[in-house]
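In the numbering used here, the protein residues as written are 658 to 710.
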Ligand SMILES: [Zn+2]
């Protein structure tokens with residue numbers, strides 16, 4: 658489980674199985690998450706704090 662900030666629903670706990678994909682970038686790891694609100698959010702993780710793009 659991980660905590661993300663959903664722009665629609667606020668903070669949400671998301672299980673790993675809702676992660677759509679992961680990609681490594683120079684700025685950290687981008688996770689595409691199928692959120693409970695029905696949208697797909699891109700979240701950056703890694704050294705920096707979780708941040709919804
Ligand atoms: Zn959402």
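Idealized CB from N, CA, C, for every residue including glycine.
Closest Cα partner of residue i within the set the options
i, options, result
"residue 686", "658, 678, 673", "678"
"residue 681", "660, 659, 701, 658", "701"
"residue 672", "690, 696, 694", "690"
"residue 703", "675, 683, 696", "683"
For residue i: DSSP bridge partner residues
i, result
"residue 698", "690"
Own chain partners of residue i with C-beta closer than 8 Å, once the 5 adjacent residues on each side are dropped
i, result
"residue 665", "692, 694, 696"
Contact set for residue i: own chain, Cβ-Cβ below 6 Å, skip 5 residues either direction
i, result
"residue 658", "670, 672"
Handout entry: Quiz: which residues have CB nearer than 7 Å to ligand 1 non-hydrogen atoms
Key = Spelled out in chain order, the answer is 663, 664, 665, 666, 669, 692, 693, 694, 696, 698.
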